[in-house]
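Q: Quick note: the sequence shown uses this note's numbering, first residue 12, plus one each step.
Just so it is clear, CB atoms sit at the ideal spot from N, CA and C, and this is done for glycine as well.
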Amino acid sequence: MGGAVFKWVMQMHKDVPRAAKFYSDGLGFTVNVCTPRWAELHSDSFKLALFHSSSDHVVQKQYSSLLSFTVTDINITVMKLIELGAELDGPIKHEIHGKIAALRCLDGHVVGLHEPA
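(1) Enumerated in chain order, which unbroken segments of the beta strand (DSSP E) with a length of 3 residues or greater are wholly contained in the stretch 23-56?
(2) What is the DSSP secondary structure of I85, reduced to helix, strand or coil?
(3) Based on DSSP bridge pairs, tell me the residues matched to G109.
(4) For I111, collect the residues of the same chain with a Cβ closer than 6 angstroms to its Cβ; drop the 5 residues on either side in sequence, then sort them by chain order.
(5) So does the stretch 48-58 actually touch the stretch 15-22, counting three or more Cβ pairs closer than 8 angstroms?
(6) DSSP beta-bridge partners for L61?
(7) Within its chain, find whatever has a CB closer than 7 angstroms to the CB of K25; leave out the 5 residues flanking it on each side and keep chain order.
(8) Would you report the Cα separation of N86 and G109, rounded to the nearest angstrom?
(9) By Cβ distance below 6 angstroms, which residues in the same chain neighbour Q22 in space, the five residues on each side in sequence not counted?
(10) Output needed for L78: all residues of its chain with C-beta closer than 6 angstroms, excluding positions within five of it in sequence on either side, in chain order.
Okay, structure coming up:
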């Protein structure tokens, strides 16, 4: 009997089309499907599913994810994401291994960025 096969990471969002735009325009995801209630996006072999929720309990109950991305220019990526509604969660940090930043998207999910040194 084979092991489980990864399908996708799913996030809950109040505005699915806006969240899809956040990931496609801000981080370069390709949108496979986008409706007011459901979206599927991908970046290489990683799949992200976005599902509509009108409830504020999504963030209050900690039903959140942290997605981490390696980027070539952290400053440009941070500015794009802020223009799309994200909030920087602290300053961009300069570590020995490179620059790191954390942002929260419109519905509170954390997006971590790493620009290698």
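A: Looking at the atomic coordinates:
(1) 41-45, 49-54
(2) helix
(3) Bridge partners of G109: E106, P127.
(4) K104, H125
(5) yes
(6) Q22, A50
(7) S64, S65, D118
(8) When rounded, the distance between both Cα atoms is 12 angstroms.
(9) L61, S76, H120
(10) V122
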